[in-house]
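Here the sequence shown is numbered in the working numbering, starting from 128 and rising by one per residue. Cβ coordinates follow ideal geometry from the N, Cα and C atoms, glycine included.
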Amino acid sequence: MSSAPTPTDLSAPDDSDGVPAFVDLGLRAELLGALAALGYEEPTPIQREAIPLLLSGRDLLGQAATGTGKTAAFALPLLQRMPQDRQGGDPVSLVLVPTRELAVQVSEAFHRYGKDLGARVLPIYGGQPIGRQLRALDLGVDVVVATPGRALDHIARGTLRLGSLATVVLDEADEMLDMGFAEDIEAILEHAPAQRQTVLFSATMPARIDGLARQHLTDPERIQIGREQPVAGETPRVRQSAYIVTRAHKPALLGRVLDVESPTAAIVFCRSREEVDRLTETMNGRGYRAEALHGGMSQEQRDRVMGRLRAGTADLLVATDVAARGLDVEQLTHVVNYDVPSAPESYVHRIGRVGRAGREGVAITLAEPREHRMLKTIERVTGQRITIDKIPTVADLRTRRLALTQAALRESLLEDDLDPFRVIVESLSDEFDLMEVALAAVKLAHEAALPGSDDEEEIPQVSVRPPREPRAGFDGRGGERRGGGRPRTGGTAQVFIGLGRRAGVRPQDLVGAITGETRVSGRDIGSIEIADRFSLVEVPQGVADEVIAGLRNSTIKGRKATVRRDRGVDGR
Ligand code: AMP
């Protein structure tokens with residue numbers, strides 16, 4: 128089957144599949160402008176469903192993991208419903224999130240989307256000097272994004288007043304419950320007006336989340352992403368794998384994957400136009416021949432790009448979903464998802480670009496650790512396995528490059544055009560051993576075929592968090608011991624903290640301080656014991672030093688504590 132390079136290969140950016148645009152969701156011009164500037168081409172499935180609903184004022188119970196676009200799904204309607212040009216004043220929206228990291232991310236998202244509306248957004252979380260938060264709250268804010276512990280501190284001080292709240296969002300609610308924030312959330316919601324909109328997003332829907340929703344949401348609409356049943360036979364024959372990688376190392380990993388896989392032609396999918404342009408530039412800078420393809424380009428530009436790919440003068444296409452719809456290029460052997468797609472349908476769509484007409488294709492997804500759950504959802508819906516591969520090391524890369532050189536030499540040996548070079552080998556063989564001559568020739572061939580591509584940087588392997596397990600959380604009676612439900616792998620360490628019950632320390636204070644100050648997630652924290660004058664927290668051996676440094680840097684219940692490794696503990 129051959130595909131002629133005709134313009135009709137590409138459907139125009141917005142005449143495809145009847146997917147509604149952001150403008151169809153009823154968003155105001157300022158927000159549409161911000162989204163266009165960010166290069167978002169179309170709403171993700173969760174946004175399509177949630178935005179109109181939240182604009183109408185309904186309560187929402189949404190099951191969506193990181194990577195689905197859930198933040199914009201609640202941030203955009205909240206911004207739209209915000210009263211204009213408020214001076215001073217208490218917040219009208221409160222977003223509760225489990226970690227400091229997420230508080231910062233969500234605030235940044237609000238800033239980006241709401242810049243033309245002048246939205247005043249404030250993140251508040253433990254570990255940050257409280258003075259700055261007090262001043263900002265005093266000046267008046269529209270949206271507060273907070274971790275529950277710190278929000279409650281401010282409520283108790285009277286510095287965070289919830290009387291004007293129109294909307295409360297519980298983001299990553301399952302994580303918050305896992306981290307022992309249930310009581311704090313209850314206490315916060317008690318301070319919020321009864322006549323409010325409540326939105327709950329959670330990646331999983333265990334019974335406890337249902338309970339929370341039943342108690343605090345009013346006649347909520349339910350939205351679930353990836354609810355579709357497995358569809359047999361629809362997914363093409365494609366080898367599917369994924370790497371777990373931090374955002375910062377993605378460009379290096381993409382380069383490494385391309386080197387190891389050496390695709391005939393590959394398409395790399397990004398979420399937005401902005402990312403397409405940025406990545407194209409980065410990859411060209413790294414010596415790959417990459418071309419951008421997105422909905423902001425004219426038909427003529429797009430045809431030119433496709434022409435270069437078919438002619439083999441480009442080997443990498445960096446594209447958005449919209450731009451790549453309907454695209455059929457015979458040469459394509461590899462699909463790379465630079466981010467986990469926002470829904471399983473999009474994944475199936477993307478990998479459908481290869482593996483057509485009986486050809487074998489390869490699909491590789493680069494996922495950040497937090498997006499791991501989305502991979503699982505995709506696996507469930509497609510009914511196909513996505514194996515998590517180890518990131519190729521520098522040594523793997525060298526081995527692969529040598530194999531390529533060997534293959535090239537073998538090919539050359541099988542051709543009979545070597546005679547012109549005989550004179551060189553013969554004259555050198557007077558002086559050197561034939562083996563030596565061959566080695567030098569291989570070296571030159573190797574370096575000439577892969578010039579300057581020796582990136583020596585090792586890309587760190589990131590571990591995936593174990594899937595959520597039902598775990599003992601709080602005993603609901605303010606119990607002092609929080610059971611660790613996590614399998615003990617790689618040893619644990621016990622951290623001693625010189626503050627205990629007498630200082631009013633509760634397990635959630637310790638969890639909050641640790642997750643607020645370090646990259647450790649609540650799920651990684653094992654048992655917590657609180658004695659009168661000290662506390663002991665069990666953490667994985669590998670992060671103990673980071674936890675100790677983080678806790679030494681912060682305050683717990685407003686006080687500095689002695690923090691050290693506890694002596695005589697398992698795993699050492
Ligand atoms: P979230 O699931 O909210 O963590 O969002 C995942 C990522 O997708 C974030 O980096 C967003 O900036 C991005 N994103 C959200 N919605 C869209 C969209 N409609 N188009 C492109 N990118 C998006």
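For Phe237, there is no enclosing beta strand (DSSP E); the residue is found in the alpha helix (DSSP H) stretching over Arg227 to Gly241. One alpha carbon belongs to Asp672, the other to Arg537, and they sit about 52 Å apart.
Contact between Gly189 and Ala177 holds: CB atoms are separated by about 6 Å, below the 8 Å threshold. With fewer than three CB-CB distances shorter than 8 Å, the stretch 401 to 419 does not count as touching the stretch 519 to 528. Remark: the C-beta of Gly196 is in contact range of ligand 1, defined as less than 7 Å to any heavy atom. Within the stretch 313 to 346, the runs of alpha helix (DSSP H) that reach at least 4 residues and sit entirely inside it are, in chain order, 334 to 343.
If you look at Glu418, you'll find it in the beta strand (DSSP E) that goes Ala417 to Leu420. Taking a cut-off of 8 Å for Cβ pairs, the stretch 235 to 250 and the stretch 270 to 281 touch, as three or more such pairs fall below it. Annotation: Ala192 is outside any alpha helix (DSSP H) and is labelled neither H nor E by DSSP.
Around the Cβ of Ile551, a 10 Å sphere holds fewer than 16 other Cβ atoms; the residue is exposed. Excluding residues up to 5 positions away in sequence, Leu626, Ile657, Ser662, Ile683 and Lys684 lie with their Cβ nearer than 7 Å to the Cβ of Val632 in the same chain. Contact check between the stretch 165 to 173 and the stretch 306 to 323: fewer than three CB pairs, one atom from each, fall below 8 Å, which does not count as touching.
Between Asp186 and Leu344, the beta carbon gap of about 4 Å places them in contact (Cβ cut-off 8 Å). Within the stretch 613 to 668, complete alpha helix (DSSP H) segments of at least 4 residues are found at 634 to 644, given in chain order. In the displayed model, Arg185 falls within coil according to three-state DSSP, outside both helix and strand. Residue nearest to Thr460 within the set Ser469, Val638, Thr391 and Asp659 is Thr391 (criterion: CA-CA distance). The beta carbons of Asp516 and Ser368 sit closer together than 8 Å. It is roughly 20 Å from the alpha-carbon of Pro468 to the alpha-carbon of Glu418. Remark: the shortest separation between the CB of Ala575 and any heavy atom of ligand 1 does not fall under 7 Å.
Between Arg175 and Leu152, the gap from beta carbon to beta carbon is short of 8 Å.
The beta carbon of Leu266 is closer than 6 Å to none in its chain, skipping five residues each way along the sequence. Per DSSP, reduced to three states, the secondary structure at Phe201 is helical. For the pair of segments examined, the stretch 280 to 289 was found not to touch the stretch 195 to 215: the number of CB pairs separated by less than 8 Å stays below three. Secondary structure note for Ala283: its alpha helix (DSSP H) is the uninterrupted segment Pro275 to Arg284. DSSP places Gly290 outside both helix and strand once states are collapsed to three, so it counts as coil. Looking at Gly241, Glu299, Leu223 and Gly196, the one whose alpha-carbon comes closest to that of Arg208 is Gly241. Checking the DSSP bridge columns, you'll see Val463 partnered with Val395 and Ile491. According to the DSSP assignment, Arg452 belongs to no alpha helix (DSSP H), since it is labelled neither H nor E.
By the neighbour-count criterion, in which 16 or more other beta carbons inside 10 Å mark a residue as buried, Ser183 falls on the exposed side. For the pair Val647 and Val664, the CB atoms are not nearer than the 8 Å cut-off. Of the candidates Val219, Lys197 and Pro256, the residue whose Cα lies closest to the Cα of Gln232 is Lys197. In the DSSP assignment, the residues bridged to Leu444 are Ile394 and Glu418.
Per the coordinates, the alpha-carbon of Arg364 lies some 18 Å from the alpha-carbon of Gly453. At a Cβ-Cβ threshold of 8 Å, Pro225 and Glu299 count as neighbours.
Within 7 Å of the C-beta of Ser648 there is not a single heavy atom belonging to ligand 1. When Cβ pairs closer than 8 Å are counted between the two stretches, the stretch 408 to 418 is seen to touch the stretch 367 to 387, the count reaching three or more.
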